[in-house]
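First the structure, in the form of structure tokens, and then the observations on it.
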Amino acid sequence: MTAPEEKSVEGLRHAFEPFRTEIVSNGTDIELQVYDPANIDPCIVVFPQSRIDSEEGFDQIVAEVRERLAESTARAKELSRAKDQ
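All residue numbers for the sequence shown refer to my numbering, where the first residue is 1 and numbers rise by one.
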């Protein structure tokens, strides 16, 4: 990876702390996996490398993943409450 690519990938990793994040790049696409301890399955997003290269694209990716994490966490809480009843 080039230096700007590394910086962007590290920025993604830091954007989702304290969650465990795995990032795989094949040079043209990036697969981002964010593991929320409340969920069994990770939140997985695949996007073209070019999206992360712009600040706007980076912000959109972060917003999309945060929204998915919030939705999956809410579902996990609902399922947990349903089991408790």
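Glycine included, C-beta positions come from ideal geometry on N, C-alpha and C.
Sequence-distant residues of its chain with Cβ nearer than 8 Å to Thr73 (five each side left out): Excluding five sequence positions before and after Thr73, the CB atoms of its chain that fall closer than 8 Å to its own CB belong to Asp36, Ala38, Asn39, given in chain order.
Buried or exposed for Ile52, going by 16 or more other Cβ atoms inside 10 Å? Here Ile52 is buried. Its C-beta has 16 or more other C-beta atoms within 10 Å.
Same chain only: Cβ atoms within 8 Å of Ala82, ignoring 5 sequence neighbours per side: Nothing meets the Cβ criterion.
Kindly list the residues whose CB is nearer than 7 Å to the CB of Val34, restricted to its own chain and excluding five residues on each side of it in sequence; keep chain order. Non-local C-beta neighbours of Val34 in its own chain, meaning closer than 7 Å and more than five positions away in sequence, comprise Phe16, Phe19, Thr21, Pro42, Cys43, Val65, Leu69, ordered along the chain.
Over what stretch of residues does the beta strand (DSSP E) that includes Glu17 continue unbroken? For Glu17, there is no enclosing beta strand (DSSP E), as DSSP marks it with neither H nor E.
Going by DSSP in three states, Ser54 sits in which element: helix, strand or coil? Three-state DSSP puts Ser54 in coil, outside helix and strand.
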